Amino acid sequence: MGDTSGRRVAIIGGGPAGLAAAEQLAAAGVRVDVYDAMPSVGRKFLLAGVGGMNITHSEPHASFVQRYGARSAELRPMLDVFNGEHVRAWVHGLGIETFIGSSGKVFPKEMKAAPLLRSWLTRLREAGVSFHVRHRFLGWDERGRLRLSAPDGERLAEADAVVLAMGGGSWRKLGSDGSWAAMLRERGVEVSKLQPSNCGFDAGWSEYFADKFAGAPLKSVTLQFHPAVGHPFSRRGEFVVTAGGVEGNLIYACSGAIRDEIARSGAALCYLDLMPDWSLQRILGEVARPRGSRSMSSHLQSRLGLKGVRMGLLRECLDKEVFNDPAKLAEGIKALPLRLLAPRPLDEAISTAGGVTFGALDQNLMLQAMPGVFCAGEMLDWEAPTGGYLLTACFSTGRAAAGGVLRWMRQG
């Protein structure tokens, strides 16, 4: 078995996956160089913490793993080694306290990402990790050296192994532009199309509805979706009406299935229960009451409390004739058809689906077409909902790639 101490590994990308790999490698005595295109590392990590740093989730591990859907089997071995409980322990080791919110999400006590990142970078530097910012990866030269665009011009770097952790294709301004996909395909690596995940959708609102209700939140509604392929979805939550469609946590939770249905059929038909605490019979009883000279809007507000954006959605999504039929109107309130036409652009998405396929990798996350080159994080072909699952998989795949590097170098 070979000795890894003193060997040099280059990590391309200073996000959670790249930093997690750097930590593991440095602990094994490897000389680590982290290259990042941005002026500082961890920029998307910091942005994710702006509204409260959701670091992982506390649900049971078996349920946790299933959040990765079609890629649960591939990610399970890595998540078994570094799961939500391990993430919490690791954060505590950085001197940051955590707590579990009412939804089961895990947060740093201060709800901020910056203190965690500062502590982590301090520990990495003390371990000997070198950081090279404003260094954009350009590929390899004919001798296999890394080509990097630096502030003072192009430079070359050599390494015994490389970990690619350049993120997906969302949030281009923070460094994840997906440009690596074409670069790897040219070298025979199978990369599935990058697509938006945890994203909003266009609904083709009328100009009147968009002008009046853009930005309005819809709280405590139930979204139901029955895709032609896959499992039915039903969940209560909230989302926001945008100028063109919808976005928010309830939409993100189903975004992969909605996106895939649109790709298959050209549109996705969801149903909203605008009054989940009321039965259909109760709603029908109130709708059917005589309204006298009152308008239907006044009647529904008086009898059901429906107003604002909920009333606007009824007018937008139901035919006019339905308002003259109490039974159909009650059904519309309990199952309002919401037709979604297209996902928002990739650069607006929270995360990315698609990427380097697991078939292109060996069990160590090394590219089969490029020995000595490993991949981690959102570059890999998986997706997950928000709620701490994205970060946990980035940490676990980063650590797994580092373990793969060490095993490969010891065998060499």
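Note that the UniProt record's numbering has the sequence shown beginning at 1, numbered continuously upward. Yeah, the Cβ is synthetic: ideal placement off N, Cα and C, and Gly gets one too. Remember, predicted model here, so these are calculated numbers, not experimental data.
- Would you mind giving the Cβ-Cβ distance between Leu-391 and Ala-376, rounded to the nearest angstrom? I have them listed as a contact below 8 Å. Cβ atoms of Leu-391 and Ala-376 stay farther apart than 8 Å, at about 13 Å.
- Below 6 Å CB to CB, which residues in the same chain sit around Ser-5 once its five sequence neighbours on both sides are set aside? Cβ-Cβ distances below 6 Å link Ser-5 to Gly-29 in the same chain, with the five nearest sequence neighbours on each side left out; the list follows chain order.
- Compute the Euclidean distance between the alpha carbons of Met-166 and Phe-374, then round it to the nearest angstrom. If you take the alpha carbons of Met-166 and Phe-374, they lie about 12 Å apart.
- Task: Grab me the residues of Ala-335's own chain with a C-beta within less than 8 Å of its C-beta, minus the 5 sequence neighbours each way, in chain order.
- Result: Gln-224, Tyr-271, Leu-272, Asp-273.
- So what does Val-32 bridge to, in DSSP terms? Answer by DSSP bridge pairing, in chain order: Val-9.
- Going by the beta-carbon positions, is the gap between Ala-369 and Val-189 smaller than 8 Å? It is a contact, given that the beta carbons lie within the stated cut-off.
- Item | Status (buried if at least 16 other CB within 10 Å, exposed otherwise) for Arg-187 | Exposed, since its Cβ has fewer than 16 Cβ neighbours within 10 Å.
- Task: Go to Phe-64, then tell me how far its beta strand (DSSP E) extends in each direction, as first and last residue.
- Result: First-last for Phe-64: 61–66, but that is the alpha helix (DSSP H), not the beta strand (DSSP E).
- Item | Alpha-carbon spacing of Ala-401 relative to Ala-22, whole angstroms | Per the coordinates, the alpha-carbon of Ala-401 lies some 10 Å from the alpha-carbon of Ala-22.
- Just to confirm, are Gly-52 and Phe-107 a CB contact at a threshold of 8 Å? Yes, they are a contact pair.
- Query: Can you tell me the Cα-Cα spacing of Ile-12 and Pro-227, whole angstroms?
  - Reply: Cα to Cα, Ile-12 sits roughly 38 Å from Pro-227.
- What did DSSP end up calling Trp-205 once you bin it into helix, strand or coil? Correct three-state label for Trp-205: coil.
- Query: Got a sec? Which residues, its chain only, sit under 6 Å from Asp-80 by beta carbon, not counting five neighbours each side?
  - Reply: Its chain contains no residue whose beta carbon lies nearer than 6 Å to that of Asp-80 once the 5 sequence neighbours on both sides are disregarded.
- Mind reading off the beta-carbon distance from residue 418 to Tyr-35? Whole number of angstroms is fine, and I expect it under 8 Å. What is shown of the chain runs 1 to 412, which leaves residue 418 out entirely.
- Item | Separation of Pro-345 from Ser-295, as counted between CA atoms | Straight across, the Cα-Cα distance linking Ser-295 with Pro-345 is about 40 Å.
- Would you call the CB atoms of Phe-233 and Ala-257 closer than 8 Å? Going by C-beta atoms, Phe-233 is nearer than 8 Å to Ala-257.
- Assign Asn-54 to one of two classes, buried (16 or more other C-beta atoms within 10 Å of its C-beta) or exposed (fewer than that). Buried, since its Cβ has 16 or more Cβ neighbours within 10 Å.
- Query: Thinking C-alpha only, which one of Arg-136, Glu-142, Trp-140, Leu-164 is nearest residue 413?
  - Reply: Shown here, the chain extends from 1 to 412; a query on residue 413 therefore has no answer.
- Message: In the DSSP assignment, the beta strand (DSSP E) including Pro-196 goes from what residue to what residue?
- Response: Counting along the chain, the beta strand (DSSP E) containing Pro-196 begins and ends at 191–197.
- Would you mind working out which of Arg-31, Gly-101, Trp-120, His-86 sits nearest Phe-45, comparing C-alpha positions? Nearest of Arg-31, Gly-101, Trp-120, His-86 to Phe-45, Cα basis: Trp-120.
- Task: Give me the Cα-Cα distance between Gly-332 and Asp-177, rounded to the nearest whole angstrom.
- Result: Their backbone Cα atoms lie some 42 Å apart in a straight line.
- Item | Where the beta strand (DSSP E) through Lys-105 begins and ends | Here the beta strand (DSSP E) through Lys-105 covers 105–108.
- Alpha carbon to alpha carbon, how far is Ser-302 from Leu-218? A direct Cα-to-Cα measurement between Ser-302 and Leu-218 gives close to 19 Å.
- Of all the alpha helix (DSSP H) runs that stay within the bounds of the region 78–149, which reach a length of 4 or more residues? You should have 84–93, 114–126.
- Contact between the region 244–258 and the region 278–296: three or more CB pairs below 8 Å? No, the region 244–258 is not in contact with the region 278–296.
- Tell me, to the nearest whole angstrom, how far the beta carbon of Leu-340 is from that of Gly-245; I am working on the premise that it is less than 8 Å. Yes, Leu-340 and Gly-245 are in contact; Cβ-Cβ is about 7 Å, under 8 Å.
- Spell out a yes or no on whether the region 57–73 and the region 377–391 are touching, meaning 3 or more CB-CB pairs, one atom from each, closer than 8 Å. Cβ pair count under 8 Å is three or more, so yes.
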